[in-house]
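Notes follow once the structure below has been shown.
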Ligand code: HEM
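Residue numbers (the working numbering): 15 to 220.
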């Protein structure tokens, strides 16, 4: 079953992932232009872009565990997932800055400095910048092993992105908490296994 799925995935071109990834964002933008986003279209656009960005960031973190634990190989698409996540988060930030805060630059700066959920979101965005800028073959070659270390920033960005969502509401709701727990689990899977467990796992692999 997984083998068949991997065989199908090998034939999927990366550009198709880009089109499928960008389609929901363009669709919500189109609905906004046509007055189909309800009473507060700017907020609806902002929220849709933020959530899609978070989902794609999580998807990019799921690639390695999915391969290790289930044998599903999405490695070819990981860079597209990460860059799509960045595109959505950049659009989310742009929607907030240019549509929601339009012209209120002082207020925007005050919010970034003083409202914890915005400070955290902005920190996550800043951490994603070097990742987006170095997600190309040239940087991978140039940075060598440092590239991998740099790309660990994705873990912090995801954690901060999840915290940003949890902190938005005045009361705790299920959706943001589910995202945060999923992110925490994905990060926990990357922690080095305790010595005892590693010894056991090595034996069971022999
Ligand atoms: C990794 C970075 C980020 C992620 C993953 C992210 C994700 C999200 C999510 C999931 C939501 C809520 C969506 C919903 O309620 O359906 C949201 C809302 C929001 N985000 Fe972000 N965001 C990020 C960065 C930023 C940045 C950089 C800013 C601005 C500086 C920002 C400002 C906001 C605002 C103002 C809201 C709406 C709050 C409200 O009115 O309820 N976010 N974000």
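Here a beta-carbon is modelled for each residue, glycine too, at the ideal position from N, C-alpha and C.
At a cut-off of 7 Å, is residue 85 close to the ligand HEM when judged by its beta-carbon and the heavy atoms of the ligand? No.
Local Cβ density within 10 Å of residue 221, reported as buried at 16 or more and exposed below that: Nothing about residue 221 can be read from this structure; the chain reaches only from 15 to 220.
For residue 20, which three-state DSSP category applies? Residue state, collapsed to three classes: helix.
In or out: residue 151 buried (at least 16 other Cβ within 10 Å) or exposed? Classification of residue 151: exposed, given that the 10 Å Cβ count is below 16.
Would you call the stretch 195-204 and the stretch 164-184 touching, i.e. three or more CB-CB distances under 8 Å? Counting C-beta pairs closer than 8 Å gives three or more between the stretch 195-204 and the stretch 164-184, which meets the contact rule.
Does DSSP put residue 25 in a helix, a strand or coil? Residue 25 falls in the coil class under three-state DSSP.
Shortest alpha-carbon distance to residue 109 belongs to which of 153, 56, 21? When only C-alpha atoms are compared, the closest one is 56.
Along the chain, where does the alpha helix (DSSP H) that runs through residue 120 open and close? 119-128 is the span of the alpha helix (DSSP H), which, as asked, contains residue 120.
Note down the Cα distance separating residue 99 from residue 118, rounded to an integer number of angstroms. Straight-line Cα distance between these residues: approximately 27 Å.
Suppose only complete runs of 4+ residues qualify. What are the alpha helix (DSSP H) ranges in the stretch 22-104, listed by chain order? With a minimum length of 4 residues, the continuous alpha helix (DSSP H) runs that stay inside the stretch 22-104 are 28-47, 55-79.
Looking at the secondary structure, which residues open and close the alpha helix (DSSP H) in which residue 151 lies? From DSSP, the alpha helix (DSSP H) with residue 151 extends over 151-157.
Using the Cβ count rule (16 or more neighbours within 10 Å means buried), how would you classify residue 94? Of the residues assessed, residue 94 falls on the buried side of the cut-off, its CB having 16 or more other CB atoms within 10 angstroms.
For residue 114, three-class secondary structure by DSSP: Looking at residue 114 - three-state DSSP - the assignment turns out to be helix.
Cα-Cα separation between residue 92 and residue 74, rounded to whole angstroms: When the Cα atoms are used, residue 92 and residue 74 turn out to be separated by approximately 6 Å.
Does the structure place the stretch 51-67 close enough to the stretch 33-42 that three or more beta carbon pairs sit under 8 Å? The stretch 33-42 and the stretch 51-67 touch, with no fewer than 3 CB-CB distances between them shorter than 8 Å.
In or out: residue 142 buried (at least 16 other Cβ within 10 Å) or exposed? It counts as buried.
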